[in-house]
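Numbering-wise (the working numbering), the sequence shown opens with residue -4 and increments by one. Positions of the beta carbon are idealized from the N, C-alpha and C atoms, including for glycine. What follows is a set of notes on a single structure, which appears directly below.
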Amino acid sequence: MRIGHGYDAHRFDEERPLYLGGVPISETGGLLGHSDADVALHALMDAMLGALALGDIGKFFPPTDATWKDVRSTELLRIVCKKIAEAGYTLGNADITVVAQKPRLSPYIDRMRRAIADVAGTEISNISVKATTTERMGFTGREEGIAAEAVCLLYKNK
Ligand code: MG
């Protein structure tokens, strides 16, 4: 078994659409970034790559590469899942925490879990997504952006 951790944060950009955990959310503007800036998926991918000490998503999808401009992070996750499979590992489970003062994410949690499980080819019971605010403290509390953390466990295939 290998464990991995990921962290990411992006600032709000009201001009862009918001995607979190692979799900479009229309209540607020989106996040600034080279791809769709889906912080939840970015944290998850960094956790998966970190578990195998492969580096981070900046290494595989550099912001200097136009290929990844505005790309949906579900597509990036698909590529990371392929790398994990090629290395001989399977995702056991993942636990993602999204830190956001806005929007309220509880109505979207299960849709995010489903979207991630579908891309990763695993059961929804293996994917946890949680959301918290920071009680208006710090950059997330001031609604400057959204952050996310993720941990995951990978199993070596028999
Ligand atoms: Mg990012």
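Residues bridged to residue i [DSSP beta-bridge criterion]
i     : result
Ala89 : Ile122 and Cys147
Leu15 : Val18
Nonlocal neighbours in the same chain, by C-beta distance under 8 Å from residue i, ignoring five residues either side
i      : result
Lys125 : Asp90, Ile91, Thr92, Val93 and Ile104
Alpha-carbon to alpha-carbon, residue j and residue i
i      : j      : result
Glu22  : Arg11  : 12 Å
Leu27  : Gly83  : 34 Å
Ala96  : Glu130 : Before going further, note that residue 96 is Gln rather than Ala in the sequence given. Those two C-alpha atoms are separated by around 8 Å.
Gly87  : Asn121 : 7 Å
Val146 : Ala35  : 11 Å
Leu44  : Ile52  : 8 Å
Leu100 : Leu15  : 9 Å
Arg137 : Tyr150 : 39 Å
Thr127 : Ala80  : 31 Å
Trp63  : Ala32  : 11 Å
Thr85  : Glu144 : 20 Å
Residue i at chain C interface by Cβ criterion, 9 Å
i      : result
Asp113 : Absent from the structure is chain C; it holds one protein chain and no more.
As assigned by DSSP and simplified to three states, the class of residue i
i       : result
His29   : coil
Asp41   : helix
Gly(-1) : strand
Gly24   : coil
Asp8    : strand
Gly133  : helix
Nonlocal neighbours in the same chain, by C-beta distance under 7 Å from residue i, ignoring five residues either side
i      : result
Phe134 : Gly140
Leu148 : Met(-4), Ile(-2), Gly87 and Asn88
Close-in-space but distant-in-sequence residues of the same chain around residue i (CB under 6 Å, 5 per side omitted)
i     : result
Thr69 : Gly17 and Val114
Arg6  : Leu27, Glu139 and Gly140
Pro58 : His29
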